[in-house]
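The structure appears below as structure tokens.
In the numbering used here, the protein residues as written are 30 to 310.
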């Protein structure tokens, strides 16, 4: 009986062979694994150029302005000697000192009169721009609203260079110091939105020039002759800057020579102003 029975090992192997065939068949029929593609990148949105930088007056200077009783930025703010020395770092003697507005009051220029002798006075000047109270040079007669461009006055002399007959503006990129002729006017003021430079000429006309440069046009004619307009450039007495009240009102004035023909002298009060017009850009 025991000699004819199959060995236990053979029975186990025969039982396992069909099971292994079934497992192989199942594995062969399983679907392949397919990797999902990565999601597409987000669309690129062209938002245009970044908005221009707009600075505010440095807190140290703003505090000085707020302590004064002046109508900043239309009026200069006088400084006492202690404040003047602190802001400028000037160690020597000085006579008087004041702040002038630049870029609609977001920057300032400190002007210091150090000495005067006979008909000559000496001045030191520093610019405070870019939102800091660090005194900077060179200075500027006006700045763009982003403080990147300066508008500087140049003196125009007579043929023999003995008399100052006028002034003109030069546009200067402050970082590169690249200079370009701008307009035959002076006393520049940047408009509230920064699109225009308003300036004056020898006849005291109010002139508008695109801030990037372009055609100058008279927007307010003075209606007086040039020889009747105050003109003492060696003492900085000549048609002054316009100033703005908010974004909608432009103010200007006319200063006449002390001696005028009788027909004009009678109208001095009406000619000198100040005057205001509506402004929009």
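Just so it is clear, CB atoms sit at the ideal spot from N, CA and C, and this is done for glycine as well.
Note down, in chain order, each residue of its chain lying with its Cβ closer than 6 Å to the Cβ of residue i, except the 5 sequence neighbours on either side.
i           : result
residue 201 : 179, 181 and 208
residue 255 : 231 and 232
residue 234 : 247, 250 and 251
residue 189 : none
In whole angstroms, give me the CA-to-CA distance for residue i and residue j.
i           : j           : result
residue 309 : residue 187 : 37 Å
residue 205 : residue 175 : 15 Å
residue 192 : residue 184 : 10 Å
residue 240 : residue 219 : 8 Å
residue 162 : residue 110 : 17 Å
residue 134 : residue 165 : 17 Å
residue 277 : residue 307 : 6 Å
residue 120 : residue 155 : 14 Å
residue 300 : residue 114 : 40 Å
residue 225 : residue 243 : 10 Å
residue 82  : residue 285 : 39 Å
residue 261 : residue 116 : 30 Å
residue 296 : residue 280 : 20 Å
residue 283 : residue 291 : 18 Å
Applying the criterion that 16 or more other CB atoms from any shown protein chain within 10 Å of the CB defines a buried residue, is residue i buried or exposed?
i           : result
residue 149 : exposed
residue 217 : buried
residue 313 : Because the chain here runs from 30 to 310, residue 313 falls outside it and cannot be looked at.
residue 167 : exposed
residue 267 : buried
residue 298 : exposed
residue 245 : buried
residue 305 : exposed
residue 85  : exposed
Cα-Cα, which of the options is closest to residue i?
i           : options               : result
residue 138 : 183, 273, 157 and 246 : 157
residue 112 : 99, 68, 253 and 92    : 92
residue 257 : 294, 248, 271 and 278 : 294
residue 215 : 190, 237 and 189      : 237
residue 90  : 177, 130 and 300      : 130
residue 171 : 145, 303, 108 and 102 : 102
residue 264 : 243, 128 and 147      : 147
residue 118 : 140, 136 and 98       : 140
residue 99  : 84, 128, 83 and 304   : 128
residue 221 : 229, 272, 94 and 242  : 272
Only counting the same chain, and skipping five residues up and downstream in sequence, which positions put a Cβ closer than 8 Å to that of residue i?
i           : result
residue 142 : 123, 124, 125, 126, 150, 151 and 152
residue 197 : 182, 183, 185, 210, 211, 212, 213, 214 and 215
Going by beta carbon distance, what residues of the same chain come within less than 7 Å of residue i, once the five residues before and after it are set aside?
i           : result
residue 87  : 157, 160, 161 and 162
residue 223 : 173, 174 and 240
In the region 194–222, which residue ranges form an unbroken beta strand (DSSP E) of at least 3 residues, counting only runs that do not cross its ends? 208–212 and 215–219
Where in the region 98–186 do unbroken runs of the alpha helix (DSSP H), each at least 4 residues long, occur, reported from the N-terminal end onward? 110–117
Just to confirm the assignment: which complete alpha helix (DSSP H) runs, minimum length 4, are found wholly within the region 249–303? 291–294 and 297–301
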